[in-house]
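Engineer:
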Amino acid sequence: MSYHVNYNYESVLFEDFQLLFCGEEYCEPNYQFGPAVRPNFVIHYILKGSGTFYVDNHSYHLNAGQGFVLFPEKQTTYKADSKTPWQYVWIGFKGNLAEAHLKHVGILSQFPIYSAENGHKMVEIIRKMLKIQVVD
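With UniProt numbering applied, the sequence shown corresponds to residues 1 to 136, in that order.
(1) Can you give the Cα-Cα distance for G65 and E28, rounded to whole angstroms?
(2) With DSSP as the reference, label G106 as helix, strand or coil.
(3) To which residues of the same chain is L97 closer than 7 Å at the C-beta, ignoring the five residues directly before and after it?
(4) Taking just the CA atoms, how far does L70 sit from V37?
(5) What is the DSSP secondary structure of G65, counted as helix, strand or coil?
(6) Here's the rule: buried if 16 or more other CB atoms are within 10 angstroms of the residue's CB, otherwise exposed. What is V89?
(7) Looking only at its chain, what residues have a beta carbon closer than 8 Å to the beta carbon of Y78, apart from the 5 residues adjacent to it on each side?
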């Protein structure tokens, strides 16, 4: 099951950092996305379960409390575990300063995974965004 929202703010005011979309995914066992290349950044944060993220001939087995970032124009694949499939939230963005903001918090295209002690804050914000925008 998946919930997501797309934002379309094409404006000169937002060229430094522009929110594009966000969502939450409850994956089935072995659910896979990719291989795919995106034109923007996407941060994923894992709430439950586990899976594997593939980029640049590396594979990263990740669990709840960890996350990964898709960088523009990089081919990536991610796959839910067969026994404990992951549930994650994501937020997509672009902008002239987007990569600098990621670098500031230690996320680099050469090592696009992270652990978050305060990941619940990101989850709370994304769920609020989904609640505001989702129309039944």
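Just so you know, even glycine gets a beta-carbon here, dropped at the ideal spot from N, CA and C.
None of these values were measured; they are calculated from a predicted model.
Structural biologist: According to the structure data:
(1) So the alpha carbons of these two residues sit roughly 19 Å apart.
(2) Reduced to three states, the DSSP call for G106 is coil.
(3) Here the set comprises D16, F17.
(4) 9 Å
(5) coil
(6) buried
(7) Q32, F33, G34, H44, G51, T52, F53, Y54, F68
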